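Colleague: Reading the sequence shown from the start, the letters are residues -18 to -1, 1 to 184 in mature numbering (1 follows the signal peptide of the UniProt record, and there is no 0). We put the beta carbon where it would ideally sit given N, CA and C, even for glycine. Quick caveat: nothing in here was measured; it's all calculated off a predicted structure. A single structure is presented below for examination.
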Amino acid sequence: MQLSTLFLSLVLPLLASAGPITVESGTDASSSLVIRDLATGEPESFKNATLLGVDIFGPMPDDYEVVGEGLNKAEPGSKSWAWLRAQIDMSPEDVPAHRRAEVEKRQSGRSVTVNAYTGYDCFGTNFFSDPTSYNVHYYHSVLRFTSFGIGGRNLGSREQLDFSNFQGNDACGLWIATRTFSPVGCNGQVGRSFACWRLWLN
C-alpha cells in the first residue's frame, strides 16, 4: 500500500466522524484565527477543554510547570494548556451572560499574557508569561518557538511586542520582528522562529 493511500485510510474515517469545522479570521493581517464547529459555532478549543473537564470561564488550572522567572510551561493534553488555548480563542460573544461578570472581573486591569508555541498556529508546547511585565526578556535557553498567541487583552496603543533570536549565546541578541495592536487570539508566525520576547511602551 502506498504511503498516501495509507494516510487517507487512517485520516478519512476520523474526519468523517468529526463535526464539520470552519476557519474564522478577521479582515486584516493582525486578526486572529479561530477554528469553529460549523454546526454549533463553538471554537474547537472550547470542546477540547470541556472533554478534559476544564471550566474555561473560571480560573486557570494549576497543572503547568514554572520553568524560570516569570516563564511557565503547559504541555498539550494538560488542563492548563486547554484553558490557555481556549482563552486566546474567546470573544465576548462566546461568554454566556451568567458568566460574563466573572470573566470581565478576571480580565479587567490585567496584563497581557503572551503564549509562545513550539508548533504552528498555536499548537505544541506552550511557554507563557502571565503576567507579562514591561521591559523583561522572556526566553528559553534551548527551544525555539514557531507561533504566538495573546491572552487577557489586546495590545494597547503604545505597547510593542518584540521577538528576538539567538546571537551567539544571547537568546535575545538578534531582533527579528515587532508586533503592535495584536488582538487577543492566535496571531500565528512572526516570519521565522524566535527564542525571546519583550513587551514595552514606545
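Using C-beta distances below 8 Å, list every residue in its chain close to E84, excluding the 5 sequence neighbours before and after it, in chain order.
Modeller: Indexing the sequence shown from 1 puts residue 84 at position 102. Once the five neighbours on either side are set aside, the close Cβ partners of E84 are F39, G40.
Colleague: Report all residues from its chain with a CB closer than 6 Å to the CB of R180; omit the five preceding and five following residues, and keep chain order.
Modeller: As a working note, residue 180 is residue 198 in the sequence shown. Cβ within range, chain order: H119, D144.
Colleague: Smallest Cα separation from S90: which of S115, W182, N136?
Modeller: Counting from one through the sequence shown, the residue named residue 90 turns up at place 108. With distances taken between Cα atoms, S90 lies closest to N136.
Colleague: Out of curiosity, what's the CA-to-CA distance linking G133 and L156?
Modeller: Position 151 of the sequence shown, counted from the first residue, corresponds to residue 133. Position 174 of the sequence shown, counted from the first residue, corresponds to residue 156. If I take the Cα positions, the gap works out to 25 Å.
Colleague: Classify T128: buried if its beta carbon has 16 or more other beta carbons within 10 angstroms, exposed otherwise.
Modeller: Translated into the one-based positions of the sequence shown, residue 128 becomes position 146. Buried, since its Cβ has 16 or more Cβ neighbours within 10 Å.
Colleague: Need the endpoints of the alpha helix (DSSP H) that R82 sits in, please.
Modeller: Taking the sequence shown and counting its residues from 1, the one referred to as residue 82 is at position 100. First-last of the alpha helix (DSSP H) with R82: 82 to 89.
Colleague: Could you pull out every residue in the same chain whose Cβ sits closer than 7 Å to the Cβ of S123, ignoring the five residues on either side in sequence?
Modeller: Position 141 of the sequence shown, counting from 1, holds the residue named residue 123. So the qualifying residues of the chain are A153.
Colleague: Does the beta-carbon distance from W65 to M42 come in below 7 Å?
Modeller: Mapped onto the sequence shown, residue 65 falls at position 83. Mapped onto the sequence shown, residue 42 falls at position 60. In this structure, M42 lies closer than 7 Å to W65 by Cβ.
Colleague: Apart from the five residues on each side of it in sequence, which residues of its chain come closer than 6 Å, Cβ to Cβ, to R161?
Modeller: As a working mapping, residue 161 is identified with position 179 in the sequence shown. Taken in chain order, the residues that qualify are L143.
Colleague: Count the other CB atoms within 10 Å of the CB of V96; is the residue buried (16 or more) or exposed (fewer)?
Modeller: Here residue 96 refers to the residue found at position 114 when the sequence shown is read from its first residue. Answer is buried; the Cβ neighbour count reaches 16.
Colleague: Using 8 Å as the threshold, is the segment 75 to 84 in touch with the segment 92 to 111, meaning 3 or more CB pairs across them?
Modeller: No contact exists between the segment 75 to 84 and the segment 92 to 111.
Colleague: Among S73, N30, R174, T22, which one has its Cα closest to the Cα of S146?
Modeller: Translated into the one-based positions of the sequence shown, residue 146 becomes position 164. With distances taken between Cα atoms, S146 lies closest to R174.
Colleague: Pick out whichever of A21, D44, R67 has its Cα sitting closest to the Cα of F28.
Modeller: In the sequence shown, residue 28 corresponds to position 46, counting from 1. Cα-wise, what sits closest to F28 is R67.
Colleague: Considering E26, what are the terminal residues of the alpha helix (DSSP H) in which it resides?
Modeller: Here residue 26 corresponds to residue number 44 of the sequence shown, with the count starting at 1. Element bounds for E26: 26 to 33.
Colleague: For E51, count neighbouring C-beta atoms within 10 Å of its own C-beta (all shown protein chains included) and say buried if the count is 16 or more, exposed if not.
Modeller: Here residue 51 is taken as the residue at index 69 of the sequence shown, counted from 1. Exposed: under 16 other Cβ atoms inside 10 Å.
Colleague: Please classify E75 as buried or exposed, where buried requires at least 16 neighbouring CB atoms within 10 angstroms.
Modeller: Translated into positions along the sequence shown, residue 75 becomes position 93. Flag for E75 reads exposed.
Colleague: Going by the DSSP bridge assignment, what does T95 pair with across the sheet?
Modeller: Sequence index remark: in the sequence shown, residue 95 carries index 113 (1-based). According to DSSP, which records beta bridges pairwise, T95 is partnered with G133.
Colleague: For the alpha helix (DSSP H) holding E69, just list the boundary residues, first then last.
Modeller: As a position in the sequence shown, residue 69 is number 87, starting the count at 1. The question names Glu, but residue 69 in the sequence shown is Gln. Unbroken alpha helix (DSSP H) run through Q69: 61 to 71.
Colleague: Measure the C-alpha to C-alpha separation of G59 and E47 and round it to an integer number of angstroms.
Modeller: Here the question's residue 59 lines up with position 77 in the sequence shown. Here the question's residue 47 lines up with position 65 in the sequence shown. Straight-line Cα distance between these residues: approximately 14 Å.
Colleague: Under a three-way DSSP split, which group does E75 fall into?
Modeller: Here residue 75 refers to the residue found at position 93 when the sequence shown is read from its first residue. Three-state DSSP puts E75 in a helix.
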